[in-house]
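Line order of the protein sequences matches chains A and B. Counting from 1 along the first sequence, just add 2 to a position and that's the residue number in my numbering. Counting from 1 along the second sequence, just add 5 to a position and that's the residue number in my numbering. Note that beta-carbon positions come from the ideal geometry of N, C-alpha and C, so glycine has one too. Please read these numbers as outputs of a predicted model, since none were measured by experiment.
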Amino acid sequence: MSITNFSINETVDRRFDQVKSQFRHLLQDQLAASGLVILAGFFFLGIFGPMLAPNPPFNYQVTNAQGEILRLSPPSTAAPLGTTSFGQDILSQFLVGARPTFIVGLLGGVGTSVIGFLVGLTSGYFGGYVDEALMRFTDLTYSLPLLPMALLILTFVEPNILIITLIIMLFLWKIPARVVRSEVLSVKQRTFVKSARASGASDLRTMFVHVAPNVLSIGVLYTAYGIAWSIAVQASLSTSQSRLVRTSAC
Amino acid sequence: MSAFRRFLLKRIAISIGLVLVATSVIFIVLRLLPGSPFTTLFTTGNIGPEQQQEILELYGLTEPLWKQYLLYIKNMLTLQFGYSIQSSSSVWSIIGPKLLNTLILLVPALVTTAIVSSVAGMYAGWNRGSKFEKLSIVVSTFFRSTPIFISGLLFLIIFAYTLNLFPPFGMRSTTAAPTGLADTYLSGDFLHHYILPFSTAVLYYSGDFLLLARNGVVEKKGSEFLQLHRAKGLTEHEQLARAGRNTMLPLLTYFALRLGMIFQGLILLEVVFGWPGIGQELVNAISQQDYPLVQAAVFIMALAVITMNLIADILYAYFDPNVNASGGSV
Chain A
3 MSITNFSINE
13 TVDRRFDQVK
23 SQFRHLLQDQ
33 LAASGLVILA
43 GFFFLGIFGP
53 MLAPNPPFNY
63 QVTNAQGEIL
73 RLSPPSTAAP
83 LGTTSFGQDI
93 LSQFLVGARP
103 TFIVGLLGGV
113 GTSVIGFLVG
123 LTSGYFGGYV
133 DEALMRFTDL
143 TYSLPLLPMA
153 LLILTFVEPN
163 ILIITLIIML
173 FLWKIPARVV
183 RSEVLSVKQR
193 TFVKSARASG
203 ASDLRTMFVH
213 VAPNVLSIGV
223 LYTAYGIAWS
233 IAVQASLSTS
243 QSRLVRTSAC
Chain B
6 MSAFRRFLLK
16 RIAISIGLVL
26 VATSVIFIVL
36 RLLPGSPFTT
46 LFTTGNIGPE
56 QQQEILELYG
66 LTEPLWKQYL
76 LYIKNMLTLQ
86 FGYSIQSSSS
96 VWSIIGPKLL
106 NTLILLVPAL
116 VTTAIVSSVA
126 GMYAGWNRGS
136 KFEKLSIVVS
146 TFFRSTPIFI
156 SGLLFLIIFA
166 YTLNLFPPFG
176 MRSTTAAPTG
186 LADTYLSGDF
196 LHHYILPFST
206 AVLYYSGDFL
216 LLARNGVVEK
226 KGSEFLQLHR
236 AKGLTEHEQL
246 ARAGRNTMLP
256 LLTYFALRLG
266 MIFQGLILLE
276 VVFGWPGIGQ
286 ELVNAISQQD
296 YPLVQAAVFI
306 MALAVITMNL
316 IADILYAYFD
326 PNVNASGGSV
């Protein structure tokens, strides 16, 4: 009992040290460090943004000392980023809006790359008819225009974070799928994959234990891209249908 | 050559299949969505049940679904898009000019950026580590990763509202009433409205071409055929021209793919600049639930992508001897 405890502690310590050294390594690279700072800023806004908002974002009107509503006012102490045509505080709207953007970006990005990764892995690994079918399916999703289809669905379905995330995943998985597939095609030819097959590993085992780790870095890269795309798509949807701005912020 | 012909036939068959499936998906989405284009009309209560029935019959909506589907497929594939519900004129007469407007804005932009940023990218790749390389990558990546409506708004604020250099909205002045194509697209007024959205599109497209060309040249730079050219005594520029020629294929296919995305890629550019193109028309049609217009526009967008994908595939297989024609790329 004590031995297992000890080894667990040791493993945890070792992992912790690894993370620490990775982190130190990251901080030495100027670009990586500034990226980390920006990322931390986004996390902070996403988590605490709504609590920092000085005013309610929608049901509140900024007024001046005479009690008049300030419409479309330039930045001032009462409203540091100015006001909308309804006299609402833009800073508060910005802070409250950070959280849905954060959630949609994160979920959409991760979902996009997970689906794309699995499709690409399956397609590239099995080849043949599986590949043909899956790749023609990606061609199909390429041909259907994202923004109009999404707008079409959203005119009938009450938009919320979940639906927007689902639509984003439905339309964006194709991009990582193609890239992962082509990478799998080349990894598949390597000897360690063939020897795994020869020593009797099942398709699933070869796929996930031997091939997947070698294309994982691309999956991670496309998660990062996916987050950026998800946020851009969500913003595009909001822009082209301004009522979404309000509903997605609730 | 027979392997190539088989590849060609297979690709064409697949593309036709894709068009059919895409068309069916549009049908399914439009029918699955709750409500019909007449829901708003009916709920106003001014129309009696008999008249409602009459309208539905007029549009063939009382037929069984499979009959509607067959008729729809037939009409779409023969490009018979019917009549718009909102403006009761034919869909073609509405979207035809809009398609032309989009093409006139984006095709020159795409061609310009394909030439300029490809050449710039090759030059950047040849002079690796130079200031020009770093600057060009930073600038084009910035515009590539900024959503088009943000950079569009930025340009509007700077050049239209602050500096008053260009008009902020539309394709021509509100007072202009041009007749004929030449008058519409060759006037100074049109050019004045054209420059801002055109430049935004050029900058947005530039990143991909620049990086593709740069990476291609960087890859080629150490290769043996270039050493041979250097040994032959060619100048730097002549060597670059030969390295560049060998990176043309991905650029060419990427150009074809981008051309396919032309109707659906930059919808928000049209919305931001009030450019009366197909994207803006489609967004309006969706908000007005004008089904015939929506399905026609989406169909044309899908058709363009599938056609240009096919052409890109064929270009690749035709020009690149490394590509195994029977099974796509290696």
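**Request:** Would you please verify whether the beta carbon of F32 of chain B is less than 7 Å from any beta carbon of chain A?
**Result:** With 7 Å as the cut-off, F32 of chain B does not count as an interface residue toward chain A.
**Message:** Among B:Q57, B:P102, B:S178, whose alpha-carbon lies nearest the alpha-carbon of G193 of chain B?
**Reply:** Of the candidates B:Q57, B:P102, B:S178, B:S178 places its Cα closest to the Cα of G193 of chain B.
**Request:** Verify the CB distance criterion: does D141 of chain A have a CB-CB separation below 7 Å to chain B?
**Result:** Chain B contact via Cβ: present.
**Cβ-Cβ distance between L264 of chain B and M306 of chain B below 7 Å** = Not in contact: L264 of chain B and M306 of chain B (Cβ atoms no closer than 7 Å).
**Message:** Classify V213 of chain A: buried if its beta carbon has 16 or more other beta carbons within 10 angstroms, exposed otherwise.
**Reply:** With 16 or more other Cβ atoms inside 10 Å of its own Cβ, V213 of chain A counts as buried.
**Asked** Taking 6 Å as the cut-off, does the CB of M137 of chain A come closer than this to any heavy atom belonging to the ligand COA?
**Response** The model on display carries no ligand, and the ligand COA is accordingly not part of it.
**Message:** Just to confirm the assignment, what range does the alpha helix (DSSP H) spanning A81 of chain A have?
**Reply:** That residue, A81 of chain A, is in no alpha helix (DSSP H); it is neither H nor E in DSSP.
**Nearest-angstrom Cα separation, counted from K225 of chain B out to T193 of chain A** = If you take the alpha carbons of T193 of chain A and K225 of chain B, they lie about 28 Å apart.
**Beta-carbon proximity check, L83 of chain A vs L93 of chain A, cutoff 7 Å** = Contact annotation: L83 of chain A and L93 of chain A have beta-carbon atoms nearer than 7 Å.
**Message:** Judging by CA-CA distance, which residue of A:R180, A:R138, A:G228, A:V211 is the nearest neighbour of L25 of chain B?
**Reply:** Cα-wise, what sits closest to L25 of chain B is A:R138.
**Message:** Going by the DSSP bridge assignment, what does S95 of chain B pair with across the sheet?
**Reply:** Under DSSP, S95 of chain B forms a beta bridge with B:Y88.
**Request:** Please report how far the alpha carbon of P150 of chain A lies from the alpha carbon of H234 of chain B, in whole angstroms.
**Result:** For P150 of chain A and H234 of chain B, the distance between alpha carbons rounds to 51 Å.
**Asked** F173 of chain A CB to nearest chain B CB: under 7 Å?
**Response** Interface with chain B (7 Å Cβ-Cβ cutoff): F173 of chain A is excluded.
**Same chain, Cβ closer than 8 Å to S242 of chain A, neighbours up to 5 away in sequence not counted** = Result list for S242 of chain A: L149, L153, in chain order.
**Message:** Rounding to the nearest angstrom, what Cα-Cα distance links P152 of chain B and I229 of chain A in this structure?
**Reply:** Distance between the alpha carbons of P152 of chain B and I229 of chain A is about 13 Å.
**Asked** Can you name, in chain order, every residue of its own chain whose Cβ lies under 6 Å from the Cβ of G118 of chain A, other than the five neighbours on each side?
**Response** Excluding its 5 nearest sequence neighbours in each direction, G118 of chain A has C-beta neighbours in its own chain below 6 Å: W175, P178, A179, listed in chain order.
**Asked** DSSP puts T65 of chain A in a beta bridge; with which residues?
**Response** Paired residue(s): A:I71.
**Request:** Identify which residue in A:Q95, A:L41, A:Y224 has its Cα closest to the Cα of V64 of chain A.
**Result:** It is A:Q95 whose Cα lies nearest to the Cα of V64 of chain A.
**Asked** Any idea if S20 of chain B is buried or exposed, counting beta-carbon neighbours within 10 angstroms, 16 or more meaning buried?
**Response** Buried, since its Cβ has 16 or more Cβ neighbours within 10 Å.
**Item:** Element boundaries [alpha helix (DSSP H), containing G227 of chain B]
**Value:** Neither: G227 of chain B is in no alpha helix (DSSP H) and is coded neither H nor E.
**Prompt:** Using a Cβ-Cβ distance under 7 Å, would I272 of chain B count as near chain A?
**Reply:** Output row for I272 of chain B: interface = yes.
**alpha helix (DSSP H) runs contained entirely in the stretch 137-210 of chain B, provided each spans 4 or more residues** = Here the runs fully enclosed are 153-160, 186-190.
**Request:** Return the CA-CA distance between Y259 of chain B and D213 of chain B, expressed in angstroms with no decimal places.
**Result:** So the alpha carbons of these two residues sit roughly 9 Å apart.
**Prompt:** Which of helix, strand or coil does DSSP assign to D325 of chain B?
**Reply:** In the three-state DSSP reduction, D325 of chain B falls in the coil class, being neither helix nor strand.
**Asked** Is the stretch 230-240 of chain A in contact with the stretch 287-304 of chain B, if contact means three or more CB pairs nearer than 8 Å?
**Response** The count of Cβ pairs closer than 8 Å, one atom from the stretch 230-240 of chain A and one from the stretch 287-304 of chain B, stays below three, leaving the stretches out of contact.
**Prompt:** When the distance is taken between beta carbons, is I99 of chain B closer than 7 Å to S89 of chain B?
**Reply:** Yes; because the gap between Cβ atoms is below 7 Å, this pair is in contact.
**Prompt:** Residues in the stretch 76-106 of chain A with C-beta within 8 Å of chain B's C-beta atoms, listed in sequence order?
**Reply:** Listed by position along the chain: nothing, the set is empty.
**Contact check, S123 of chain B vs L256 of chain B, beta carbons under 7 Å** = For the pair S123 of chain B and L256 of chain B, the CB atoms are nearer than the 7 Å cut-off.
**Prompt:** Assuming V186 of chain A and G122 of chain A make a contact with CB atoms under 8 Å, what is their CB distance in whole Å?
**Reply:** 6 Å between Cβ atoms; contact.
**Request:** Identify which residue in B:K103, B:T44, B:P54, B:E59 has its Cα closest to the Cα of A301 of chain B.
**Result:** Among B:K103, B:T44, B:P54, B:E59, the Cα nearest to that of A301 of chain B belongs to B:K103.
**Asked** Given a limit of 9 Å on CB to CB distance, which residues of the stretch 292-310 of chain B reach chain A?
**Response** The stretch 292-310 of chain B vs chain A, Cβ under 9 Å: S292, Q294, V299, A302, V303, M306, A307, L308, A309, V310.
**Request:** Tell me whether D295 of chain B sits in a helix, a strand or coil according to DSSP, three-state version.
**Result:** If DSSP states are grouped into helix, strand and coil, D295 of chain B belongs with coil.
**Item:** Which residues DSSP lists as bridging D91 of chain A, in chain order
**Value:** As computed with DSSP, D91 of chain A is found in a beta bridge with A:T85.
**Request:** Determine the extent of the alpha helix (DSSP H) in which D31 of chain A is found, giving its start and end residues.
**Result:** From DSSP, D31 of chain A is part of no alpha helix (DSSP H); its letter is neither H nor E.
**Message:** Quick check: P253 of chain A and V98 of chain A, are their CB atoms within less than 7 Å of each other?
**Reply:** Absent from the model: residue 253 of chain A. The displayed extent of chain A is 3 to 252, so no value can be given.
**Message:** Quick check: what's the CA-CA separation for R133 of chain B versus T146 of chain B?
**Reply:** Rounded to the nearest angstrom, the two C-alpha atoms are 17 Å apart.
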